[in-house]
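Please read the structure below before turning to the comments.
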Amino acid sequence: MRFVMSYLKPLLLGLSLLSLTALAHSAAQNIPTLDGQVYIQSERAKQAYDQWHFAPARSSGDLVFFSGVIAAAPAEGADTELFKKNLRHAFGNLETLLKQAGLGTEHVVKINSYHLFNSPLFKGTKEQHVAAVMAVKDEFFKAPYPAWTAVGVAELFADQGLVEIEIIARKPAAKP
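Residues -24 to -1, 1 to 152 (mature numbering (1 follows the signal peptide of the UniProt record, and there is no 0)) are what the sequence shown spells out, left to right.
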């Protein structure tokens, strides 16, 4: 198991750090399911889907569930501005998947975020961490805001992770 984890962690971190440019130029894929679709935004995400058996996003009925996306720090650590840049990247990845599903941030009904406040990889306080997340989140989400649960954790799966963000979106009702 430790052997598998040593390969899984870097792979998941790599997926979370995909550039928006790479996402824009990759072949998106939708896989039909019994009651919805799986959304895969890139070839790299498809490889993770095949190897590790998890979907970047999956719809069921009118809900779309998005796997967590990690805002990471480089090994030397991140100040507040670099952290904000990495948060924008993470929220941007979620926005790309939302668009693939025909949705936007206005369709997000729930955000769950998991925060590593005491990481030596962030050169700031808990208050600065929270303020950075709030500021960047507000760049992507406008009123009416989604429900949000933010949880402080002792560790994230990705070694370089500072926060992991997952969302749930609802497809709008079809108009008659």
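Glycine included, each C-beta is placed from N, C-alpha and C at the ideal position.
{"Item": "Three-state class that DSSP yields for Glu82 in the structure shown", "Value": "helix"}
{"Item": "The region 83 to 90 / the region 123 to 131 touching (three or more Cβ pairs under 8 Å)", "Value": "yes"}
{"Item": "Closest Cα partner of Leu132 within the set Leu39, Ala48 and Leu79", "Value": "Ala48"}
{"Item": "From Lys99, Ala77, Ala24 and His91, residue whose alpha carbon lies closest to that of Gly12", "Value": "Ala77"}
{"Item": "Gln27, enclosing alpha helix (DSSP H) - first and last residue", "Value": "Glu19 to Trp28"}
{"Item": "Rounded C-alpha distance that separates Lys22 from Thr9", "Value": "16 Å"}
{"Item": "Contact under 8 Å by Cβ, Glu142 with Ile46", "Value": "no"}
{"Item": "Residues near Gly137 by beta carbon distance below 6 Å, same chain, minus five either side", "Value": "Ile46 and Ala48"}
{"Item": "As assigned by DSSP and simplified to three states, the class of Glu131", "Value": "coil"}
{"Item": "C-beta atoms of Ile144 and Phe41 nearer than 8 Å", "Value": "yes"}
{"Item": "beta-carbon Gln136 near the ligand ZN non-hydrogen atom, thresh 7 Å", "Value": "In the structure on display, the ligand ZN does not appear, and there are no ligands present to speak of."}
{"Item": "Identity of the residue in Gln27, His65 and His91 nearest Val112 by Cα", "Value": "His65"}
{"Item": "Cβ neighbours of Asp55 in the same chain (closer than 6 Å, five flanking residues each side left out)", "Value": "Lys99"}
{"Item": "Secondary structure of Val44, DSSP reduced to three states", "Value": "Looking at the sequence itself, residue 44 is Gly, so the reference to Val does not match. Looking at Gly44 - three-state DSSP - the assignment turns out to be strand."}
{"Item": "Identified DSSP bridge partners for Asn6", "Value": "Tyr15"}
{"Item": "Bridge partners - Ala126, DSSP secondary structure assignment", "Value": "Ser89"}
{"Item": "Host alpha helix (DSSP H) of Ala107 (start-end)", "Value": "Lys102 to Phe116"}
{"Item": "Terminal residues of the beta strand (DSSP E) in which Leu138 lies", "Value": "Gly137 to Arg146"}
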